[in-house]
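Some notes on the structure that comes next.
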Amino acid sequence: MSDTFDLQSAYRWIEGFAEAVGAHKEELTDLDAAIGDGDHGTNMDRGMRAVMAKLGANSSADLGDLFKTVGMTLVSTVGGASGPLFGTFFLALGKAWPNKETLSADELLSGYSQAVAAVIARGRAERGDKTMVDALLAAQDAWEMALGGTSGDSETLSVVAAAAAEGAEQTVPLVARKGRASYLGKRSAGHKDPGAATVALMMAAAADARTGE
Amino acid sequence: MKKLINDPESVVAESLAGLGAAHPDLLRVFEDPRYVLRADAPRPGKVALVSGGGSGHEPMHTGFVGLGMLDAACPGEVFTSPTPDQVLAATKAANGGAGVVHIVKNYTGDVMNFEMAADLVAEDGISVNQILIDDDVAVEDSLYTAGRRGVGATVLVEKLCGAAAEAGAPLAEVVSLGKRVNEASASMGVALSSCTVPAAAKPTFELADDEMELGIGIHGEPGRERVSLRPAREVVDMLVQPVLDDLALGRGDSVIVFVNGMGATPLSELYLVFNDLRARLGTEGIAISRCLVGPYMTALEMAGCSITLLRSDDQLVSLWDAPVRTAGLRWGA
């Protein structure tokens with residue numbers, strides 16, 4: 025296990041994310057049915073299956089190329105607000121890593137932080153609005169703390185993934201202030217945000233890809 | 026569900042194919058990505074107008090593609106925003122080198138998808154500006170928190186900005202005109218019955234025979250309140266009062282009036298509504314400079330109507346009278 029993140033790890037990450045979304049499709053849709061319009065799991069699954077088809081048909085030259093393909097495919101197949109938001113995340117990764125084939129631990133975190141900033145700019149959500157941003161930022165906080173201590177530790181992403189899952193759990197008591205769930209006002213409390221739940225799956229897949237599982 | 030369709034999955038594609046076949050002189054329909062383009066686009070040197078949104082509101086927006094209105098429209102699935110690749114393709118195809126205006130109704134999905142498209146277009150060196158429509162006065166007191174929705178003013182902005190662009194107005198002028206029209210417009214709607222999204226196969230909401238939903242949105246979203254049905258004259262008063270208040274209209278003002286049908290209400294009732302509205306505006310001392318009465322922004326087969334008032338002036342009236350030739354709106358050309 026090397027400490028660099030390369031094209032193979034990136035492919036394993038996306039593949040693992042697609043499998044996780046497929047496996048949790050019903051659960052994500054149920055979360056969305058409670059406080060949204062009940063199509064999040066179906067839409068993300070359709071998008072990630074399209075992504076895998078696209079990646080299978082053309083091999084990516086570098087990480088910039090690969091993540092641009094992932095982002096554009098999500099944007100054009102998922103629809104609603106999730107398409108632009110998850111699409112923006114991956115497009116920003118592509119933009120952060122042009123012509124790169126491998127990344128150092130610092131470059132990985134820096135790209136991730138840029139992608140989170142892009143999602144925040146797109147959706148105009150803040151921490152605590154009960155959105156995917158809560159899980160993204162929880163992961164970023166944990167990542168910055170971990171790298172501050174032991175740069176390049178291959179355990180880092182497992183810590184980050186656990187933090188994303190915890191960030192998703194912490195959306196449960198919140199009242200939504202952004203997105204369709206905000207239409208429900210106080211009735212949105214007591215439910216986990218489906219976008220944050222998907223972020224937790226995405227970061228768990230990243231940790232698994234890094235350790236080569 | 027009782028609809029003249031073949032398959033709920035292909036309603037939008039089949040309907041667009043029919044639109045294209047009916048009006049080959051006005052427009053062309055593209056698939057993958059899906060958009061409708063003015064037949065003679067791109068028009069070199071003319072600012073291009075691109076709009077779009079969920080399908081189910083016909084003739085808006087695809088029926089407004091043509092001379093004096095839109096250069097392109099991006100139809101999403103029924104009541105679902107179009108994706109950025111549709112908007113990107115339409116923007117590139119419509120671009121005549123003088124810049125492109127995106128006319129976007131204020132719904133979270135529409136806003137995000139058009140913004141993403143604008144970002145992608147900017148990478149290609151095309152100047153894109155956005156006009157955001159948010160004229161619905163019903164929503165501030167309703168369940169919705171994402172701001173006012175874009176409704177009837179969309180049709181007025183598309184007509185007036187389309188006329189300005191056709192006359193050669195530069196990008197900045199078309200955009201400031203659109204923003205001015207949006208700010209000078211306000212709308213309020215009412216539903217007497219629900220609509221049924223083909224993929225859902227059942228009515229979006231239920232209304233009893235003696236009830237109406239005041240402040241209804243164009244996707245069947247709840248409005249201000251559910252009240253008992255009453256004579257049209259009283260319904261008109263309930264619709265127009267918040268509009269008058271919002272625009273602070275009074276004696277000596279003049280307005281362009283848009284009485285819109287939601288899909289199932291017959292034209293005879295819409296004219297009856299216009300007649301009551303005319304009388305009410307008369308007692309307020311407000312003059313009607315121009316009017317548009319008919320189903321131009323529908324919500325599938327919903328029964329009901331909306332009233333939009335636009336504070337008018339000589340410039341707006343002259344742009345209103347300018348020639349327009351589209352599938353949905355046609356005069357002077």
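Residue numbers (the numbering used here), protein chains in the order written: chain U, 25 to 237; chain W, 26 to 358. Using N, Cα and C, we set each Cβ at its ideal position, and we do this for glycine too.
To be precise: take each residue of the segment 76 to 106 of chain W, compare its Cβ to all Cβ atoms of chain U, and keep it if any distance is under 8 Å. Which residues remain?
Per Cβ criterion, the list reads G101, E102, T105, S106.
Give the single residue among U:T53, U:S106, U:A58, U:D86 whose Cα lies nearest to the Cα of R146 of chain U.
Here the closest residue by C-alpha is U:S106.
Under 7 Å Cβ to Cβ from L98 of chain U, same chain only, skipping five residues before and after it: list those, please.
Correct list, in chain order: G71, V75, G107, F110, G111, F114.
Can you tell me where the alpha helix (DSSP H) holding K184 of chain W begins and where it ends?
Residues 178 to 191.
Hey, is the segment 259 to 277 of chain W in contact with the segment 313 to 322 of chain W, meaning 3+ C-beta pairs nearer than 8 Å?
Touching, no, given that fewer than three Cβ pairs across the two stretches are closer than 8 Å.
Any C-beta of chain U within less than 8 Å: which residues of the segment 127 to 139 of chain W qualify?
Taking 8 Å as the Cβ-Cβ cut-off against chain U, the residues of the segment 127 to 139 of chain W that qualify are T133, G134, M137, N138.
Out of U:F41, U:G135, U:M68, U:A224, which has the shortest C-alpha to C-alpha gap to E189 of chain U?
Here residue 189 of chain U turns out to be Ala, not Glu, going by the sequence shown. Among U:F41, U:G135, U:M68, U:A224, the Cα nearest to that of A189 of chain U belongs to U:A224.
What residue range is occupied by the uninterrupted alpha helix (DSSP H) comprising G147 of chain U?
Start and end: 129 to 147.
Measure the beta-carbon distance from M85 of chain W to V180 of chain W and round it to whole angstroms, keeping in mind my assumption that it falls under 8 Å.
Yes, M85 of chain W and V180 of chain W are in contact; Cβ-Cβ is about 6 Å, under 8 Å.
By Cβ distance below 6 Å, which residues in the same chain neighbour D110 of chain W in space, the five residues on each side in sequence not counted?
Closer than 6 Å at the Cβ level, and outside the excluded window around D110 of chain W, lie P58.
Going residue by residue through the segment 308 to 352 of chain W, where are the continuous beta strand (DSSP E) segments of at least 3 residues, counting only ones entirely within it?
Runs of the beta strand (DSSP E) inside the segment 308 to 352 of chain W: 312 to 319, 329 to 336, 349 to 351.
Straight-line CA distance for N82 of chain U to G40 of chain U?
Near 18 Å, if we compare the C-alpha coordinates of G40 of chain U and N82 of chain U.
Since N285 of chain W sits in a beta bridge, which residues does DSSP pair it with?
Paired residues: W:G319, W:S331.
In chain order, what residues of the same chain lie with their CB nearer than 7 Å to the CB of K204 of chain W, ignoring the 5 residues before and after it?
Once the five neighbours on either side are set aside, the close Cβ partners of K204 of chain W are I156.
Residues of chain U with CB closer than 9 Å to the CB of P109 of chain W, please, in chain order.
In chain order: M96, V99, S100, G107, P108, G111.
In the DSSP assignment, find the alpha helix (DSSP H) that holds M237 of chain W and state where it starts and stops.
Unbroken run through M237 of chain W is the beta strand (DSSP E), 236 to 239; no alpha helix (DSSP H).
Got a sec: which bits of the segment 117 to 149 of chain U sit with their beta carbon under 9 Å from any beta carbon on chain W, in order along the chain?
So the list reads R146, G147, given in the order they occur along the chain.
In its own chain, which residues sit with a C-beta less than 6 Å from the C-beta of L274 of chain W, not counting the 5 before and 5 after it?
I311, listed in sequence order.
Which residue wins for smallest C-alpha separation from E419 of chain W, given the options W:Y132, W:L51, W:K28, W:D235?
This structure gives no information on residue 419 of chain W, because the portion of chain W shown stretches from 26 to 358.
Could you tell me whether the Cβ atoms of T116 of chain W and A142 of chain W are closer together than 8 Å?
Yes; because the gap between Cβ atoms is below 8 Å, this pair is in contact.
Measuring alpha carbon to alpha carbon, tell me which of U:L87, U:A42, U:H64, U:T66 ends up nearest S33 of chain U.
The shortest Cα separation from S33 of chain U among U:L87, U:A42, U:H64, U:T66 belongs to U:L87.
Answer yes or no: do N138 of chain W and V200 of chain W have a C-beta to C-beta separation smaller than 8 Å?
In this structure, V200 of chain W does not lie closer than 8 Å to N138 of chain W by Cβ.
Could you tell me which whole alpha helix (DSSP H) segments of length 4 or greater appear in the segment 30 to 60 of chain U?
Complete alpha helix (DSSP H) runs here, min 4: 31 to 47, 49 to 59.
For G104 of chain U, return the contacting residues in chain W, with the cut-off set at a CB-CB distance below 8 Å.
Under the 8 Å cutoff, chain W gives T105, S106, G134.
Report the three-state DSSP secondary structure of M141 of chain W (helix, strand or coil).
Residue state, collapsed to three classes: helix.
Which residues bound the alpha helix (DSSP H) around A187 of chain U?
Element bounds for A187 of chain U: 180 to 193.
For the segment 138 to 164 of chain W, enumerate the residues whose C-beta is nearer than 8 Å to any C-beta of chain C, in chain order.
The question asks about chain C, but that chain is absent: this structure's protein chains are U and W.
Candidates U:G191, U:A149, U:D153, U:T155: which alpha carbon is nearest Q164 of chain U's?
The option with the nearest alpha carbon to Q164 of chain U is U:G191.
Starting from V162 of chain W, follow the alpha helix (DSSP H) in both directions and report where the run begins and ends.
Careful: V162 of chain W lies outside any alpha helix (DSSP H) and carries neither H nor E.
Would the beta-carbon of T351 of chain W fall within 8 Å of that of V162 of chain W?
No; because the gap between Cβ atoms is not below 8 Å, this pair is not in contact.
Please determine, among U:D158, U:T66, U:R36, the residue with the shortest C-alpha to C-alpha distance to G80 of chain U.
Residue U:R36 is the option with its Cα nearest to G80 of chain U.
Per DSSP, what are the beta-bridge partners of Y296 of chain W in this structure?
Y296 of chain W pairs with nothing; no bridge assigned.
Quick check on G60 of chain U - is its C-beta less than 8 Å from some C-beta in chain W?
No, no contact with chain W.
Grab the span of the alpha helix (DSSP H) containing L109 of chain U for me, first residue to last.
Its alpha helix (DSSP H) spans residues 106 to 120.
Applying the 10 Å Cβ sphere with the 16-neighbour rule, what's the burial state of I30 of chain W?
Classification for I30 of chain W: exposed.
Applying a beta-carbon distance threshold of less than 8 Å, which residues of chain W neighbour G203 of chain U?
In chain order: T133.
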